[in-house]
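UniProt numbering applies: residue 1 is where the sequence shown begins, and numbers increase by one. Below: one structure, written as structure tokens.
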Amino acid sequence: MNSVDMKSLHAMVREAAVNHGDKTAAIFDTGASRATCLTYHQLAALGNELCRHLQGAVGENARVLGVFCDVSIFLPVWIFSVLQVPAAYVPLDPVSPPLLTMRIMDRCQLKFCLIQSTLLQQFQSAFSGSLSIEVFAAWSEHKLTLVKLHRNSLLSAEVSNSRLVEDNPTLKTQQEERQPPGVDDPGKEHQAEELAYVLHTSGTTGLPKIVKVPHKCIVPNIVHLSSLFQVTPEDVVFLASPLTFDPSVVEMFLALSSGACLLIVPSAVKRMPSRLANVLFRRNATTILQSTPTLLRRFGGRVLQEEILSAGSSLRVLALGGEVCPSLFLLNSWKQAGNKTRIYNLYGTTEVSCWACCYKLPDSDLLSSDHIGSVPLGEPLMDTAVEVRDENGCLVTEGEGQVFIGGQERVCLLDNETMTAAMKGVMRATGDWVMVQNSNLYYLGRKDRLVKRHGQVLHLDALQQAMESLPQVEGGVVGLHKSSRLVAFVVPKIDTRTVSSEHSSTKDSEDSQVSSRALEMEVLQGLSQLVPSHSIPDTVLLVPALPLTNHGKVAMEKLMRMYERQREGSGKHTRVGNMETLRERLQALWKECLGLCDDGVVADDAHFMLSGGDSLQALRLFDYITVTMETASAGLLEVILDGSFSDVLKHITATHQNPIKTTGKRQPESSASVVPSKRYHTEVDSNFDPEMILPPVVSSERSTMRFVVVRRAGDVVFWDYLQENYQSAELSPLSISKPSLTTTNSSSGRATDIIHVSRDIPSGDGQSHHCNSGSGVTLQPGITKDRQPLGLQVCWSSDTGRCVDASPVLLVGPERTTVFIGSHSHRLQALDQSNGEVVWERVLGDRLESSAAVSKCGTLVALGCYDGQVYFLSVDSGQTCWVFKTGDAVKSSPAVDSQTGLFIIGSHDGFVYALEPLVKRCVWKYYCGGGAVFSSPCVHSCPRRLYSATLRGQLHCLSPDSGKVLWTYSTDVPFFSSPSCSDSCVCIGSVNGHISALSHDGNVLWDFLTDGPVFSSPCLASLPPSVNQRTRSGAYDGCTTLSIACQAVFCGSHDCCVYCINPANGSLLWRFQTTGKVYSSPFVFDGSPWGIRTLVAVASTDGTLWVLDGEHGTLKASFVLPGELFSSPIVWGHTVVVGCRNDYVYCLELTSRKD
């Protein structure tokens, strides 16, 4: 093992890649879809390639590189390549406060930073005020962007540092001395080459410190622990720690230096115990788990005993560190009889990265029934020296003292230290106090956890260990509140925890409170038998789970806030107090899951998914609510995924053990009458000519069309009066005579615009385009208005009263073109498309997010409502013709069957309904198996199919005539995207980032993965190939060749991109990066009036409306509206109509720019 001194982390990985090239090096598993993996050959090849890119880009200019990223299958590649440059990596957490990250970058003197491409916009937004960010290189195959950082001004950092210096005498003394150069100084190049990574301490015991770790300091840890754990290429090591926490280095290289497999999961999954257990032990047979005790406790006693530490568990090694080790009694209670897992206690500090001591718990200790003692810290690891000194600096061989750690080579550099001969063998004070007894070190607690109480010294961590040895206690922590009250936070054992049923009575509630008080008394009485009287807590607070920091340790600040809220609320009236407590708890959990500031306010109409959340964060919120509020009612997850904050609060309130009656709810306005508009709109541009309206794509074969309906995702339907025979005398069809209008897809009854796409990537610079036309918003460098050949200008806008999430629908009739749009104000407006004048307006029973549909006869407009009803109104007057009641909110938009004229719509009650408004009856209904139906159904004529998707993750294929199920496709994640059809397939997006195509028989044709959840509904369109794009050989140059009358799939994603996909094989044709998440559905239309074959309109949530070249994915026009855009744009003629969350619906004209 003397050769360890000559090794580096990346050399160990290279050696493993040579010996185990075909074995799996890393697996990334979300738990919701098929896992992705890398072999050692792939890891080495990608790492070497990226290393060459980096060496060519930064040369000798950087010896430290920032890494701003989330967990990914490419994470080992990124780290491996940086180390090979050679350079040290500085992990930067995307969820950390920007000020903290900025301070770290300043103190590390970072010049270059590698940014996960999907996080580039976030990085620019967070630091553009302090840094000039120059995009130096972008490597799409590695999903990375390299930026060069230029400091605009260090004033803010200097002010921050000066304030910190004043608060810290030690730092002030260092600051007064001449500060040596950082690791990027050329004179220190040889020192920088020795560095592996640079971290910062958490700052929980003082100022955060920068810790520069050489290879020779961390490699002995990897080698020794690999030997102790007997790691083999058959092992699966879980990457439990974030990159900013130094145990992650041990986890990563313990696997990659041994030919083992590194298991990586998303951060959100780590916060959901049941899902994490599924990923670790059912989907992947994890053999080595390194964890903080608090993170392990989150699994709960049942999962620990029945899965993780069961008799048949795959787990060979459980290494606990970072916090005080649980008592032997508690560890023994977690292990099932026959379990063979070896348990280790690890101890160390970031200042001497990473572990210093290791103790293997003997099986005899774990099997002993009378052992309640603490666990020793163990023997020093390789090249590590451990000493215990008293307050006078003298060595302690028996008794109490502080731990010091160091060694001749195990020396990390703190802040501005440089390696000198004097640094060799330096011993670092840890602040941890131990009891030395029979040569064993027993942890007592940190120095700041030693307090005086009633004149006696109290070890808070020792008290915690004693408390955890009680049979009633699953876990807990002890803290001293600023009021000097000693508070014990206790997680009760499952069998002693009070859980109320959904229908518990008042008496049951009172019994529950008595049971809780009895349990608190039992804990106090049990502690009185184990600790002195001055150690007995003043208060015992029962909590369902201990909150965690990003590093998996107990978040004491959150617990103390919980205690303070409990004290403040104890004197309130029960009902009001309960309601306010529920609201406060839900607000706190909501903000924590979304990473919002603690002092922020969550509005009642805030939508979790639309506020930046994804499905995994929603599941985390679900788990938190279930645990902390002790409610697990049916449908809670679906309400989180699809409802507002007030919806979630109402749901919890309604299912709580004591239903709480709320007052003061705003009553909706009467829906009995048609309400004349009192809104305002801006007049249409004088140059706008309604007679010049052009259809998206036309043919000259037929000349008679009755009317046209235009809906989102390029859904343009031309109804022909001559083909229909209506029996109702009250509802006579509309008619319109317009030359050269016809459907382009007679089999489906849907007129989709035709497009041919022929390139793999968009032309141009490939950078994110943030630009506007006529909006008055400043353009970013590198993008000018001159580069946009088309322009957008507002023709008119109409105030709907509240935010608009629904998509507009156009009815092109004989006398006018009417826009139908609903909003959160309960209003449905009918607007004249030519000038924005309100034709009529209705106030319905609740919020409107459903987009409207027009009947086959053209006389009815229908849409769903939050009040659970489907409204059928007169197109001309808005008068109610029929109302159909479902069992829950209706957010789905209706589809109209072109053959039967039936309206088909889904509801949150889990049913799909086929409604016949002419005879006012439900023809059939189909129950989807428990999942709410948010997305809109899709009807296809040939083959005759009806598709409907649910929040339970199922796509149902039904007969449109009978509602009989033909087949069902199931996933583990919800569908918010609506299905879309062609003659050959049905496409749909899902929140795990997939866009999938299935045959009409239910077979998966292909699966395309984006980098974010997909809420956008796919748009399928086609176009004959362009002659001038052919090469001499007849093929298409540099592209995927498509057949004549080919189709393409257009879809957006929350990764801020719009994708164009080949429907034949799922290959990428082009991708365009916007400046915000793409919730809306693209609309493909004919671009010939502007000299372009095909155009695509799409909106991003940051308020930008984009118009792209459909063939190449290049930008043609953009416009920024003053609000978020979740509504999908529709196009008719020269105009684009879209709803906005600033309460308005906008009509914009698309024009050609004149030189």
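For glycine and all other residues, C-beta sits at the position ideal for the given N, C-alpha and C.
8 Å Cβ cutoff met for Phe-1050 and Phe-1015: Start at 1 with the first residue of the sequence shown, and residue 1050 comes out as number 1050. Start at 1 with the first residue of the sequence shown, and residue 1015 comes out as number 1015. No, the Cβ-Cβ distance between Phe-1050 and Phe-1015 is not below 8 Å.
Beta strand (DSSP E) segment containing Met-435, residue limits: By one-based count along the sequence shown, residue 435 stands at place 435. Taken as a continuous stretch (DSSP letters only), the beta strand (DSSP E) holding Met-435 covers 427-437.
Strand pairing of Val-1131, partner residues [DSSP]: The residue given as residue 1131 occupies position 1131 in the sequence shown. DSSP output for Val-1131 lists Val-1136 as bridge partner(s).
Reduced DSSP category for Asn-440 - H, G, I as helix; E, B as strand; rest coil: In the sequence shown, residue 440 corresponds to position 440, counting from 1. Correct three-state label for Asn-440: strand.
Residue span of the beta strand (DSSP E) that contains Arg-921, given as start and end: The sequence position of residue 921 within the sequence shown is 921, counting from 1. Counting along the chain, the beta strand (DSSP E) containing Arg-921 begins and ends at 921-927.
Exposure label - Cys-942; buried when at least 16 CB within 10 Å: Taking the sequence shown and counting its residues from 1, one reaches residue 942 at position 942. Label assigned to Cys-942: exposed.
Where Leu-99 falls, given that 16 or more other Cβ within 10 Å makes a residue buried: In the sequence shown, residue 99 corresponds to position 99, counting from 1. Burial call: exposed.
Where the alpha helix (DSSP H) containing Ile-79 begins and where it ends: Taking the first residue of the sequence shown as 1, we reach residue 79 at position 79. Element bounds for Ile-79: 75-84.
Rounded C-alpha distance that separates Met-105 from Pro-76: Indexing the sequence shown from 1 puts residue 105 at position 105. Indexing the sequence shown from 1 puts residue 76 at position 76. Taking the straight line from one Cα to the other gives about 22 Å.
Distance between Pro-1129 and Val-1138 (C-alpha atoms, nearest Å): Taking the sequence shown and counting its residues from 1, the one referred to as residue 1138 is at position 1138. Taking the sequence shown and counting its residues from 1, the one referred to as residue 1129 is at position 1129. If you take the alpha carbons of Val-1138 and Pro-1129, they lie about 5 Å apart.
Unbroken stretches of the alpha helix (DSSP H), 4 residues or longer, contained in the stretch 73-154: 75-84, 98-107, 120-127
Whole-angstrom distance between Leu-256 and Ala-16, CA atom to CA atom: Here residue 16 refers to the residue found at position 16 of the sequence shown. Here residue 256 refers to the residue found at position 256 of the sequence shown. So the two alpha carbons sit approximately 7 Å from each other.
Buried or exposed by the 16-neighbour rule on C-beta atoms within 10 Å, applied to Gly-600: Translated into positions along the sequence shown, residue 600 becomes position 600. Its Cβ having fewer than 16 others within 10 Å, Gly-600 is exposed.
Lys-558 in three-state terms, based on DSSP: To locate residue 558, count along the sequence shown from 1; it is residue 558. Three-state result, Lys-558: helix.
Beta carbon proximity, Ser-291 to chain D, threshold 8 Å: Of the protein chains in the structure, only one exists, and it is not chain D.
Nearest residue (CA-CA) to Asn-339, options Leu-304, Gly-321, Glu-351, Leu-346: Locating residue 339 in the sequence shown gives position 339, counting from the first residue. The option with the nearest alpha carbon to Asn-339 is Leu-304.
Pairwise C-alpha distance: Leu-149 and Pro-214: As a working mapping, residue 214 is identified with position 214 in the sequence shown. As a working mapping, residue 149 is identified with position 149 in the sequence shown. Those two C-alpha atoms are separated by around 24 Å.
CB-CB length for Val-554 against Val-540, believed under 8 Å: In the sequence shown, counting from the first residue as 1, residue 554 sits at position 554. In the sequence shown, counting from the first residue as 1, residue 540 sits at position 540. So it is not a contact: roughly 16 Å between Cβ atoms.
Inter-residue CB distance, Leu-810 and Val-819 (contact presumed, cutoff 8 Å): Taking the sequence shown and counting its residues from 1, one reaches residue 810 at position 810. Taking the sequence shown and counting its residues from 1, one reaches residue 819 at position 819. That belief holds up - the Cβ atoms of Leu-810 and Val-819 are roughly 6 Å apart, short of 8 Å.
Beta-carbon separation (whole angstroms), Trp-1070 vs Gly-1113, contact threshold 8 Å: One-based indexing of the sequence shown puts residue 1070 at position 1070. One-based indexing of the sequence shown puts residue 1113 at position 1113. Sure, about 3 Å apart at Cβ, within 8 Å.
Contact set for Phe-281: own chain, Cβ-Cβ below 8 Å, skip 5 residues either direction: If you number the sequence shown from 1, residue 281 lands on position 281. Same-chain partners within the cutoff: Glu-307, Ile-308, Ser-313, Ser-314, Leu-315.
Ala-62 (DSSP reduced to helix, strand or coil): Counting from one through the sequence shown, the residue named residue 62 turns up at place 62. Ala-62 falls in the coil class under three-state DSSP.
Coil, strand or helix - Phe-608 by DSSP: Position 608 of the sequence shown, counted from the first residue, corresponds to residue 608. Phe-608: coil per DSSP, three-state reduction.
Cα-Cα separation between Val-875 and Leu-958, rounded to whole angstroms: Locating residue 875 in the sequence shown gives position 875, counting from the first residue. Locating residue 958 in the sequence shown gives position 958, counting from the first residue. Their Cα atoms are separated by approximately 30 Å.
Buried versus exposed, by CB contacts within 10 Å (16 or more), Gly-864: For the purposes of this step, residue 864 is taken as residue 864 along the sequence shown, with counting starting at 1. So Gly-864 ends up on the buried side.
Residue 1156 versus Glu-379: straight-line alpha-carbon distance, rounded: As displayed, the chain neither begins before 1 nor continues past 1155, which places residue 1156 out of reach and without an answer.
Cβ neighbour criterion (16 or more within 10 Å) applied to Gln-464: Numbered from 1 along the sequence shown, position 464 holds the residue referred to as residue 464. Per the 10 Å Cβ criterion, buried.
Proximal residues to Pro-1018 (C-beta, below 6 Å), its chain only, five neighbours per side dropped: Start at 1 with the first residue of the sequence shown, and residue 1018 comes out as number 1018. For Pro-1018, where only same-chain residues beyond five positions count, the Cβ hits under 6 Å are Ser-980, Cys-987, Val-1049, Cys-1051.
Same chain, Cβ closer than 7 Å to Leu-262, neighbours up to 5 away in sequence not counted: The residue you call residue 262 lines up with position 262 of the sequence shown. Excluding residues within five positions, the ones whose Cβ falls inside 7 Å are Ala-25, Ala-26, Pro-76, Val-237, Leu-239, Met-252, Ala-255, Leu-256.
Backbone CA spacing between Leu-330 and Ser-469 [nearest angstrom]: By 1-based counting over the sequence shown, the position of residue 330 is 330. By 1-based counting over the sequence shown, the position of residue 469 is 469. Near 6 Å, if we compare the C-alpha coordinates of Ser-469 and Leu-330.
Buried/exposed call for Val-919, threshold 16 Cβ in 10 Å: Counted from its first residue, the sequence shown places residue 919 at position 919. Counting Cβ neighbours within 10 Å, Val-919 comes out exposed, since fewer than 16 surround it.
In chain order, each beta strand (DSSP E) run of at least 3 residues that lies wholly inside the stretch 1050-1125: 1057-1061, 1068-1073, 1083-1086, 1094-1099, 1104-1109, 1115-1120
Residues of its chain near Thr-201, where Cβ-Cβ distance is below 8 Å and the 5 sequence neighbours each way are ignored: Start at 1 with the first residue of the sequence shown, and residue 201 comes out as number 201. Excluding residues within five positions, the ones whose Cβ falls inside 8 Å are Pro-208, Lys-209, Val-211, Thr-350, Glu-351.
Per DSSP, cross-strand counterpart(s) of Arg-342: Taking the sequence shown and counting its residues from 1, one reaches residue 342 at position 342. Beta-bridge pairing links Arg-342 to Val-317.
Paired residues, beta bridge with Glu-841 - DSSP: Position 841 of the sequence shown holds residue 841. Gln-829, per the DSSP bridge assignment.
Cβ neighbour criterion (16 or more within 10 Å) applied to Thr-506: Reading the sequence shown from its first residue, position 506 is the one you call residue 506. Summary for Thr-506: the model assigns pLDDT 45, below 50, so the residue's position carries little reliability, and this model does not support an answer.
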